[in-house]
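Protein chains in written order, with our numbering: chain A, 160 to 672; chain B, 11 to 195; chain C, 67 to 433. Heads up: the structure comes next, in structure tokens.
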Amino acid sequence: MSAGFLDIDCVKYACTCGLLKTLQQLYFCRYCSELRCTFCVSHEVDSHFCGKCCENLPSAEARVKKNRCVNCFICPSCRQELSTRAASKQPANPEESKATKRTYYLSCLCCRWSSRDIGLPDQTAATGSWPKRESIHSNRIQEIVSMYKGLQEKEKLDKEFFKKKQKEKIISYTDKTGITAAALRKRIGLPEDKPILKPKNAVKIVTPSKADENIDDFDEEVLTKSINLLEITSIDQRLLQPDVQPKEISNIFPIQKILSIKRSLRCRRCEHNVSKPEYNPNSIKFKIQLFAYYHIPEVRIVTVEPLRAGQACELILKFTNPTQHQTTVSFLPFDSPIEVKEAIPEEGAISQEDSLEELDKSSLTPSKKKSSSGTKLMSLVDTHITLTTSRSSARALSPRSIAESINCTVDIPSSTFILPPRDDAAEYDDFNEVHNIQDDKKLVVWRKSNKAYIKLVVTPNEDMPIDTTVTTGFTMSHLYTNTIASVADNKKPQKFNHNMRVILKLGKSVGLN
Amino acid sequence: MSDITLPRNNIKITTGALVCEDSKLRGDITIGKDTIVHPMATIIAESAPIIIGENCLIEEQAKIVYRVPFDRVEDKDNIPPLIIGSFNVFEVGCHVEAAKIGDSNVFESKCFVGNKVSVSNGCTIGAGCQLTNEQELKENIIVYGEKCQMREGLSKPLPQYSQMETLMKILPSYHHIKKPTQKTK
Amino acid sequence: MPLYEVEKSTIVLDIGTAYTKFGFTGEPVPRSIFRTQVKSKGQLRSLLDYQDSQDLYDMLVDFFHDIYFKYALNSPKDKPIVIVESLLCPIIFRESVAKVLFKHYGISSLLLLSSHLVSLATLAVETALVLDVGYKEAVCIPICYGLPMINAWQSLDLGSCSIHRNLQSLLYEKNSGAESLSEWILEDIKVRCCFVTKRSRAEQLSLSKPELGPCPEVKYPVEGNSILRVTGTIREKAYEILFDEDNDHLCLPTMILDALMKVNVDLRNQLAENILLIGGTTMAMGFKSRLKEELLHHMKEERYRKLNIKCFKFHASPSKENYTAWLGGAIYGATDWLNTKALTKDEYFEDNRLPDWSDLKYNTRRP
Chain A
160 MSAGFLDIDC
170 VKYACTCGLL
180 KTLQQLYFCR
190 YCSELRCTFC
200 VSHEVDSHFC
210 GKCCENLPSA
220 EARVKKNRCV
230 NCFICPSCRQ
240 ELSTRAASKQ
250 PANPEESKAT
260 KRTYYLSCLC
270 CRWSSRDIGL
280 PDQTAATGSW
290 PKRESIHSNR
300 IQEIVSMYKG
310 LQEKEKLDKE
320 FFKKKQKEKI
330 ISYTDKTGIT
340 AAALRKRIGL
350 PEDKPILKPK
360 NAVKIVTPSK
370 ADENIDDFDE
380 EVLTKSINLL
390 EITSIDQRLL
400 QPDVQPKEIS
410 NIFPIQKILS
420 IKRSLRCRRC
430 EHNVSKPEYN
440 PNSIKFKIQL
450 FAYYHIPEVR
460 IVTVEPLRAG
470 QACELILKFT
480 NPTQHQTTVS
490 FLPFDSPIEV
500 KEAIPEEGAI
510 SQEDSLEELD
520 KSSLTPSKKK
530 SSSGTKLMSL
540 VDTHITLTTS
550 RSSARALSPR
560 SIAESINCTV
570 DIPSSTFILP
580 PRDDAAEYDD
590 FNEVHNIQDD
600 KKLVVWRKSN
610 KAYIKLVVTP
620 NEDMPIDTTV
630 TTGFTMSHLY
640 TNTIASVADN
650 KKPQKFNHNM
660 RVILKLGKSV
670 GLN
Chain B
11 MSDITLPRNN
21 IKITTGALVC
31 EDSKLRGDIT
41 IGKDTIVHPM
51 ATIIAESAPI
61 IIGENCLIEE
71 QAKIVYRVPF
81 DRVEDKDNIP
91 PLIIGSFNVF
101 EVGCHVEAAK
111 IGDSNVFESK
121 CFVGNKVSVS
131 NGCTIGAGCQ
141 LTNEQELKEN
151 IIVYGEKCQM
161 REGLSKPLPQ
171 YSQMETLMKI
181 LPSYHHIKKP
191 TQKTK
Chain C
67 MPLYEVEKST
77 IVLDIGTAYT
87 KFGFTGEPVP
97 RSIFRTQVKS
107 KGQLRSLLDY
117 QDSQDLYDML
127 VDFFHDIYFK
137 YALNSPKDKP
147 IVIVESLLCP
157 IIFRESVAKV
167 LFKHYGISSL
177 LLLSSHLVSL
187 ATLAVETALV
197 LDVGYKEAVC
207 IPICYGLPMI
217 NAWQSLDLGS
227 CSIHRNLQSL
237 LYEKNSGAES
247 LSEWILEDIK
257 VRCCFVTKRS
267 RAEQLSLSKP
277 ELGPCPEVKY
287 PVEGNSILRV
297 TGTIREKAYE
307 ILFDEDNDHL
317 CLPTMILDAL
327 MKVNVDLRNQ
337 LAENILLIGG
347 TTMAMGFKSR
357 LKEELLHHMK
367 EERYRKLNIK
377 CFKFHASPSK
387 ENYTAWLGGA
397 IYGATDWLNT
407 KALTKDEYFE
417 DNRLPDWSDL
427 KYNTRRP
């Protein structure tokens, strides 16, 4: 995800999977009420389209066309998109027809390569008529593939035949009784039982390749003739055409552009989409887009006093409530366990953490903690999973520990504060707003509409050398109002506390004054 | 930039050329017929005169500097003038110090051509390409990409007549134009 | 290809140290060949430059993300995949690949194929000596009647990487500033200027005063700010590192001969007459004829006298050498093997490990 002006990485949130991301990079699954990021959601291909002509292709058609656009080409020399240029050609015989014929050729605006460079004749139609090249080996390889397929089939049949034959053998032990099945049949007057035929060897065996003693891959000319670098392709140009891998620049050929896709993102646990684009490639809108930015209070650093090792200093943060519901924010120590919801287990196989991951577990806050109340919910969820979808097994990812060390402590305030809901019209309100919120004056410095400035006291570690980056963090708990349930079941919106870890990079420490 | 004092301004503009008042011209410069110099273009003839041919297009922020190479500071008086041929295009933000420029070359946006480079005819220096070391660009060479890859073009870049026509019409209505000082020969 | 067959085609990957070959089963050519690189932590990194298993895991997640969503344009979930690997692939790499594919991407099954073995499928032969010269190393394994002779395998640290190092030091003698050349430029110089010369010339060139004129010099422009002199001698000598014997008297040709020494006497002639070269480095001009020259030359040595081989024959696969192993995988993947021999999701999650030929737990006949 690209960095925007909102995307400042000095404040990071810990995603449920343990990765640190900025709020703008996070998603919020409203069904699980958990943070998700691009790493811990599952990606799915939604629709295929060409990035140049914006043509939409159904996925089956895209597959048949080998995921390439029919009309758009990229430059075999520099990989930029080729543009179709029109040229008017005077007819050779002026009396023949007076109208000039329009012909088309491909041209690269970056390296000025054109289809005329390789002597490709201009086309009369703007699109679709460019010649295609087939691999010279494709027939031979098809033969080999069908031979191996056939051999495998035969092996399978042979096995079955062998099994049948074994069965037959067992039956033939009835010989001892004096009456065989065949004899019996004869006596009754039935036609003779057909013996089980060995499956016919119908596989067409390809003539195996013949090794050759004479090799001629050395060109004596190279020793005497000086080479022109401009005529030899680079390795990247060669690999653009894996079947030919041309050595001379005169053999490169326009390449059909690879299609692009739109992706939808799906929460691994509840299988709900957190992001789903609109089908039309021209549209940049989304059907579903659950950005955390619309649900989680945003934290920004306003000011911080010079950071000195071992000395308490004042930090002012700005909190913004993006939701339509009032929320209450409180602080918890950074490594306080994140409650139950987080500890929902993966299925048996995965919860056995294998050794690879075990090694990396640092001492810092393993976010997987199972409290006694958690186990109850756990078993419930367990049965839920096994009942509804076996698919969701193996899909949840085990969370990892947070890869950032904290070298500065925060004095966790005991009091909480309220953030009023967002009101888009507030900005245009001329009256000074009156709010009857009883604030802890030590905590809340200033507030306006859905924003509040909060004062915290932080203390960098004693032994910190000068000029180290000071990192601090806390667990933010806010009252989240889930409206999903209310829509579905006609109930009141559910309210609960949602906890997440926030990591702040406060800047470099300075020396003692 | 210079401890060398610039020679007196001596700008010769041929009739038919379009030179905006806002352009920065220093030194002895001759501008050929039908050449367009945009506002904010810079041409500095520091060491010797610059003679620009016909039908050239010098866009905004383009910089053409003719500077003495360090190894030739001594015989300052015998430096030949820089003759820029016809149909050259200097795109937005290019910086050209080349010692020789032929005909029909394109210097794309933000490219840099050092003073040890001599450019022949029909060359294209791609956007952002930086050529600094001593070299001679053969005809129809195209330099492109961040690694300054080179390839040989089939033909010279075509002159952009229609764009120049439009500019000839539009520029005088929005900018002050320097008056031509010379009649076409 | 009919539509229903296209529907079923499966991704085939050959993840090399330098380049990854990507395509679909049953197709004659890979769809794309690209550098085995991943944008991680703000810079392009080679996949095999991992620091620890977590780092590798993260890079592989990004790597397969690119493969699925940039090249294959397919959702990975509940689909099989074919991966061609070297027998000498590091365990941590294999395990991480399997973990990423099964856990992160939820694939249904994984078919791992040995690159040397499957390469024979492209020829439709069963017995051949396969020499793979890639980026990091050269590995030679004889395959007899479809069985790799593991006891006879040979491997040396010879490949593109060592050629690049050699080229760099050769360039440095003639040009200042050559020590900071990027891998990309070295590769480009190698590909566009250098070739494998003939044995007679190589012998002359190694003398202090060679009695022959070198081939023409090339002036190679580097990023518009300098010009490298690639002399004729450099052009010819860059590849010599492959044929120069090291301290243990080992080089590329001796690998083949040593491998032949280790197989049964009856098989030796047959293998020598069925040599298959795979890997991008073998595509260099003059490589094959030189290798043959060198083989015949080394045969005169005392240590190989008892081999008693008169001629060496080389196969030409219906592909370019750099994707022969991939093609083998595409052929195998098109058959029923994909269903019968692949490791399924359930099998993997039984003990979260990949079966490995070197592990006796798996390398026994199942009852």
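C-beta atoms are modelled at their ideal positions from N, C-alpha and C, and glycine is treated no differently.
So residue i and residue j are supposed to be a Cβ contact under 8 Å. How far apart are they, rounded?
i	j	result
A/L491	A/S636	6 Å
A/Q282	A/Y263	5 Å
C/E359	C/R265	4 Å
B/Q71	B/G103	4 Å
A/L391	A/I408	Note that residue 391 of chain A is Ile in the sequence shown, not Leu. About 7 Å separates the two Cβ atoms, so the contact holds.
A/V661	A/V170	7 Å
C/P146	C/A408	6 Å
So what's residue i in DSSP terms, helix, strand or just coil?
i	result
C/M215	coil
C/N388	helix
A/D598	coil
B/F97	coil
C/V435	Because chain C here runs from 67 to 433, residue 435 of chain C falls outside it and cannot be looked at.
A/L536	With a pLDDT of only 38 at A/L536, under 50, the local geometry of the prediction cannot be trusted, and the value read off the model is given with reservation. Note: A/L536 maps to helix in three-state DSSP.
B/N7	What is shown of chain B runs 11 to 195, which leaves residue 7 of chain B out entirely.
A/C472	strand
A/I347	helix
A/A246	strand
C/R97	coil
C/G395	helix
C/W250	helix
B/G26	coil
A/F198	coil
C/C377	coil
B/V127	strand
C/Y286	strand
A/T542	Reliability of the predicted coordinates at A/T542 is poor, the pLDDT of 36 falling under 50, and no value is obtained from them.
A/E437	coil
A/D375	coil
C/P314	The residue you asked about is not Pro; residue 314 of chain C is Asp in the sequence shown. Correct three-state label for C/D314: coil.
Where does the unbroken beta strand (DSSP E) through residue i begin, and where does it stop?
i	result
A/N656	653–667
A/Y612	610–619
B/N88	That residue, B/N88, is in no beta strand (DSSP E); it is neither H nor E in DSSP.
A/Y264	260–267
B/D38	38–41
B/M160	159–162
A/G632	628–641
A/F445	445–448
C/N232	Segment 226–240 is the alpha helix (DSSP H) holding C/N232; no beta strand (DSSP E) there.
Alpha helix (DSSP H) containing residue i: first to last residue?
i	result
A/S573	Taken as a continuous stretch (DSSP letters only), A/S573 belongs to no alpha helix (DSSP H), as it is neither H nor E.
Checklist entry - Listed in chain order, which residues of the stretch 368–392 of chain A have Cβ atoms closer than 7 Å to some Cβ of chain B? => result L389
Checklist entry - With contact counted as at least three CB pairs below 8 Å, one residue from each stretch, are the stretch 279–286 of chain A and the stretch 298–312 of chain A in contact? => result no
Next on the checklist: Any C-beta of chain B within less than 8 Å: which residues of the stretch 281–305 of chain C qualify?
Outcome noted: P287, E289, G290, N291, S292, I293
Next on the checklist: Please list, in chain order, the residues of the stretch 134–168 of chain C that have any C-beta partner in chain A closer than 9 Å.
Outcome noted: Y134, F135, K136, Y137, A138, L139, N140, S141, P142, K143, D144, I158, E161, S162, K165, F168
Checklist entry - Looking at chain C, which residues of the stretch 197–217 of chain A have a Cβ within less than 8 Å of any of its Cβ atoms? => result F198, S201, H202, E203, V204, H207
Item to check | Positions along the stretch 170–191 of chain B whose CB lies within less than 9 Å of some CB in chain A | outcome: none
Checklist entry - Should the stretch 230–247 of chain A be regarded as contacting the stretch 29–46 of chain B, the criterion being three or more beta carbon pairs within less than 8 Å? => result no
Checklist entry - Any contact of the stretch 196–211 of chain A with the stretch 417–427 of chain A, i.e. 3+ C-beta pairs under 8 Å? => result yes
Next on the checklist: Can you pull out the residues from the stretch 270–282 of chain A whose beta carbon lies closer than 8 Å to at least one beta carbon of chain B?
Outcome noted: C270, R271, W272, S273, R275, D276
Item to check | Interface residues of the stretch 261–273 of chain C facing chain A [CB-CB below 9 Å] | outcome: F261, V262, T263, K264, R267
Item to check | Sufficient close CB pairs (3 or more, under 8 Å) joining the stretch 235–242 of chain C to the stretch 209–223 of chain C | outcome: no
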